[in-house]
Amino acid sequence: MEPLGPEDPSLQDQPSIEAQQLAYPWLRHYPEEVSPSQSYPDQSVVQFLVNAVNKHPDHTAIHFLGKIVTYRELHDSATRLALGLVSLGVAKGDRVAVMLPNCPQAVIAYYGVLLAGGVVVQTNPLYVERELEHQLADSGAVAIITVDLLYPRLSRVRGEQPEKGPLPQLRHAIVTSIKDGLPFPKSLLYPLKQRKDGFRAEIPYGSLGVVNYKKLLAGKHASHMLPEPAKGAELAALQYTGGTTGTPKGVMLTHLNLVANTMQTSAWCYKAEDAKERFLAALPLFHVFGLTVLMNMSVLRAGTLILLPRFEVETVLQTIGQQKPTIFPGAPTMYVALIHHKAAAKTDLSSINVCISGSAALPLEVQEKFEALTGGRLIEGYGLSEASPVTHANPIWGRRKIGTIGVPFPDTEAVVIHQETGERLPVGELGELIVRGPQVMKGYWNKPAETAQVLRDGWLYTGDLATMDEDGYFTIMDRIKDVIIAGGFNIYPREVEEVLFEHPAVREAAVIGVKDEYRGETVKAFIVFKEGWQVSSSQLDRWCRERLAAYKVPHYYAIRETLPKTMVGKVLRRKLQEEEIEQKAAAENKGE
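If you're matching positions, the sequence shown starts at 3 in our numbering and goes up one per residue.
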């Protein structure tokens, strides 16, 4: 059944404003400065960079460990890389993988591939051979841009004779080094550090399709021309995700998807000023959250992107103190780590005005402490790779509801439906969240069956369980597949985790379902304590029993030093599940 929308016949006799208010109750809570509908130009996402270089050519686009790159330099490097790619035979629509940590080359490569008419395949630098081979084969990438540190892994995947190996279509490997993005004298010292750490850059430039990044940019490509800029409907990126159906798939994001979501995010941050904002990029740019809310948003606003190669608490605190970022998107685990670091209270964090938290639930305690430290606003939002990624957020300077993901973005519809009948559920009832808007993907790359499963009539079926209140604020309870069913009762891990987070000793918590002969499944909690704290399982049990129905209380507690996380800081419940299965199998083998 088609969820109720503004075109529903029951609304046609009412004034359009009232009809909208009924269908979309969240519009009542939009700040006056945010229009419920935006106008999205039919253009390439690279147009943001062209606009920035035309208006602010000498403004700093990137700051990387002391290296300054202006918008003019960024555009020039991206253009030269694009011409170099065309000279190598990259044609319109070809997929080009970018496997780089946060560094200037990652930004240059993204815009360079798009200027060459290619499709960016963002590739996680932490991928092991099996994951890397799957993504490169599935995407059909004809070239990859990577860093010398990662070349040995790539060469093992390509084999000794790449043209006959598992990836014959991968004709070129363009290799850079972190030093190429560093300022003098760090650029001279970095190779010395690499050698001290035992790394020898033995890269076979000139053979096996291996190309030196710096030489490619310095080459003379006068005989080559760049293709016409892409239109909105054309493919811009393949963003790989486990997504709503498990196996890694390439999410097809068009230029319009990325343009729209960047403009929606920008409209939400309506107090941001062009050429004045400084974006702290501790999130990886190869993740869709960092791609949109950091890189694309910074370039749209002609801001400065302060790049950090990885999230390290002390480095982040020093960078905030020295570089004075104003916008700092992140994951809850990042903010948890910062507020608990001893240097946080002594560091001036007052430059930060806006933080958008995504990828996991944001605990109230974390929000309050971080806002007290910075004086800025930390809001929770929601998104998924299939939506470029943001669909919901709490108003930054308007009415926030703690524990909710806020309200849908401009031009974004959201409905909670019954999982079996597909009917729209009334306020307060739990069901699957589905969304529709200009940021929703075109589909999964070469996977029509999986696409049909999650995309129906333009609606994206998120696989997340949610409720909507009378004001149109949404709350995510859990992934449908993470729900624990114990003795016939549904238990939502997030609800149990929230109770554990409230305990003064608990720094991080993750809850999963483990097999139980009697109940089918039962609850196991993994706990990381704050420094200096130690609490027994029986004390945690008492805490939970006072705050949860008996069937929701964890039966097992595991105390850990750390929890497995993604590069964005999202706790990997799946990894905890796998560890449990392995331990059980090992115990059974021992018993034999």
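Note that beta-carbon positions come from the ideal geometry of N, C-alpha and C, so glycine has one too.
{"Query": "Tell me the rounded alpha-carbon separation between Gly142 and Val417.", "Result": "36 Å"}
{"Query": "Looking only at its own chain, which residues have a Cβ that is under 6 Å from the Cβ of Tyr73, when we skip the five neighbours before and after it?", "Result": "Ala54, Val55, His58, Pro59, His61 and Ala63"}
{"Query": "Between Arg402 and Ile381, is the Cβ-Cβ spacing less than 8 Å?", "Result": "yes"}
{"Query": "Measuring straight from C-alpha to C-alpha, what distance separates Tyr337 and Ala374?", "Result": "12 Å"}
{"Query": "Decide if the stretch 224-242 is in contact with the stretch 255-265; the criterion is three or more beta carbon pairs, one per stretch, under 8 Å apart.", "Result": "yes"}
{"Query": "Tell me which same chain residues have a C-beta within less than 7 Å of the C-beta of Glu193, skipping the five on either side of it?", "Result": "It is worth fixing the name first, because residue 193 is Pro in this sequence and not Glu. These residues qualify, in order along the chain: Lys181."}
{"Query": "Out of Thr81, Leu260, Lys517 and Gly522, state which residue places its alpha-carbon closest to the alpha-carbon of Gln585.", "Result": "Lys517"}
{"Query": "Starting from the C-beta of Ser540, find all residues in its chain whose C-beta is less than 6 Å away, skip the five residues before and the five after it, and write them out in chain order.", "Result": "none"}
{"Query": "Can we say the stretch 428-442 touches the stretch 458-465, given the rule of at least three CB pairs closer than 8 Å?", "Result": "yes"}
{"Query": "In this structure, does DSSP put Met297 in helix, strand or coil?", "Result": "helix"}
{"Query": "Is the distance from the Cβ of Ala283 to the Cβ of Ile308 below 8 Å?", "Result": "yes"}
{"Query": "Could you tell me which residues DSSP pairs with His69 in its beta bridges?", "Result": "Before going further, note that residue 69 is Lys rather than His in the sequence given. Paired residues: Phe66."}
{"Query": "So Gly305 and Phe288 are in contact, right, with Cβ under 8 Å, and what is the actual spacing, rounded?", "Result": "At roughly 20 Å, the Cβ-Cβ gap does not stay under 8 Å, so Gly305 and Phe288 are not in contact."}
{"Query": "List, from N- to C-terminal side, the beta strand (DSSP E) runs of 3 residues or more that fit wholly inside the stretch 369-435.", "Result": "379-385, 392-395 and 415-419"}
{"Query": "CA-CA distance, Leu169 and Leu134?", "Result": "11 Å"}
{"Query": "Quick test of your reading: Val498 and Leu578, contact by CB under 8 Å. State the CB separation rounded to the nearest angstrom.", "Result": "That belief does not hold up - the Cβ atoms of Val498 and Leu578 are roughly 14 Å apart, past 8 Å."}
{"Query": "Using DSSP's beta-bridge definition, name the partner residues of Asp518.", "Result": "Gly522"}
{"Query": "Can you tell which of Gly114, Asn263, Ile529 and Gly408 has its C-alpha closest to the C-alpha of Leu218?", "Result": "Gly114"}
{"Query": "Quick check: Gly465 and Ile493, are their CB atoms within less than 8 Å of each other?", "Result": "no"}
{"Query": "Might you give, ordered along the chain, the residues of its own chain that have their beta carbon closer than 6 Å to the beta carbon of Gly120, omitting 5 neighbours on each side?", "Result": "Val92, Asp96 and Val98"}
{"Query": "Taking the alpha-carbon positions, what's the Gln536 to Arg509 distance?", "Result": "11 Å"}
{"Query": "Which same chain residues, not among the five before or five after Thr247, have their C-beta less than 8 Å away from its C-beta?", "Result": "Note that Thr247 has pLDDT 48, beneath the 50 cutoff, so the model's placement of it is unreliable and the number below is only indicative. If we look at Thr247 and ignore the five residues flanking it on each side, its Cβ neighbours are Glu452, Gln455, Val456 and Gly465."}
{"Query": "Alpha carbon to alpha carbon, what distance is there between Tyr153 and Phe50?", "Result": "32 Å"}
{"Query": "Considering Cys357, what are the terminal residues of the beta strand (DSSP E) in which it resides?", "Result": "Val356 to Ser359"}
{"Query": "Taking the alpha carbon of Asp44 as the point to measure from, which residue in Ala232, Glu204, Leu117 and Ala274 has its own alpha carbon closest?", "Result": "Ala232"}
{"Query": "Taking DSSP as the reference, what is the three-state secondary structure of Tyr207?", "Result": "coil"}
{"Query": "With burial defined as no fewer than 16 other Cβ atoms inside 10 Å of the residue's Cβ, what is the status of Arg426: buried or exposed?", "Result": "buried"}
{"Query": "In the DSSP assignment, find the beta strand (DSSP E) that holds Ala238 and state where it starts and stops.", "Result": "Leu237 to Thr243"}
{"Query": "Which residues in the same chain have their Cβ closer than 7 Å to the Cβ of Tyr463, if we skip the five residues on either side of it in sequence?", "Result": "Thr246, Glu434, Ile436 and Val456"}
{"Query": "Run through DSSP, which three-state label would Met336 get?", "Result": "helix"}
{"Query": "Relative to the C-alpha of Ala25, which residue among Asp473, Ile487 and Asn263 is closest?", "Result": "Asp473"}
{"Query": "Please state whether DSSP places Arg202 in a helix, a strand or coil.", "Result": "coil"}
{"Query": "Just how far apart, CA to CA, sit Leu87 and Thr524?", "Result": "54 Å"}
{"Query": "I'd like the list of long-range same chain contacts for Ser189, defined as Cβ closer than 6 Å, with 5 residues on each side in sequence excluded.", "Result": "Lys181"}
{"Query": "Measure how close the beta-carbons of Thr623 and Ser352 come, nearest whole angstrom, since I'm counting them as under 8 Å.", "Result": "In this structure the chain extends from 3 to 594, so residue 623 is not present and cannot be described."}
{"Query": "Out of Arg160, Met227, Pro33 and Gly167, which one is the CA nearest neighbour of Leu90?", "Result": "Met227"}
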